[in-house]
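The structure appears right after this line, and notes come after that.
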Amino acid sequence: MLNRQTPITDRNRYEFGGSIKWNITPDLNIQGRMRYERGEEHWVHNAYASSVGNLYPMGRMKDNRYFSDQLYGDVLVSYNHTFNDFSLSATAGSSFT
C-alpha cells in the first residue's frame, strides 16, 4: 500500500548560450552575451480510493505538464588604458530578460 502512491516525475532542461566580443580599438571593446533556457516537467500522481481515508472516495489521478522558458542577455562596453604607471578602466552595460 505504501508504494502505490509514489509520484512519477520526468524533468528535462535545455540551455543554450553564446557570446561575442569585438575589439573596436586596442583600449575599447564591446561584448554581447545571450542565453536561452527551457524547462519541461511531467508529473503523474495516482491516489487510489482506499489510500487517503475519505479525502478521495473515488480515487484521484493527476497528470500535469509544466513548461517554462527564459531568454536573457547583456551588452558590456569596456575601456582600459594605461598611462605610464597608472591605469584607467571603465565598464558600462545593460541587460534584458
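The sequence shown lines up with residues 21 to 117 when you count with my numbering. Heads up, the beta-carbon is just placed ideally off N, CA and C, and yes, glycines get one too. Predicted model only: the values in this text are computed from it and were never measured.
DSSP places Ile-44 in no beta strand (DSSP E); its state is neither H nor E.
The residue from Asp-94, Asp-105, Thr-102, His-65 with its alpha-carbon nearest to that of Met-54 is Asp-94.
By DSSP's assignment, Gly-59 forms a beta bridge with Arg-33, Ser-88. DSSP lists Asn-43, Ser-98 as the beta-bridge partner residues of Asn-49. Per DSSP, reduced to three states, the secondary structure at Asn-66 is strand. Within the same chain, Tyr-99, Asn-100, His-101 come within 7 Å of Asp-47 by CB-CB distance, once the 5 residues on both sides are set aside. In the three-state reduction of the DSSP assignment, Asp-105 falls in the coil class.
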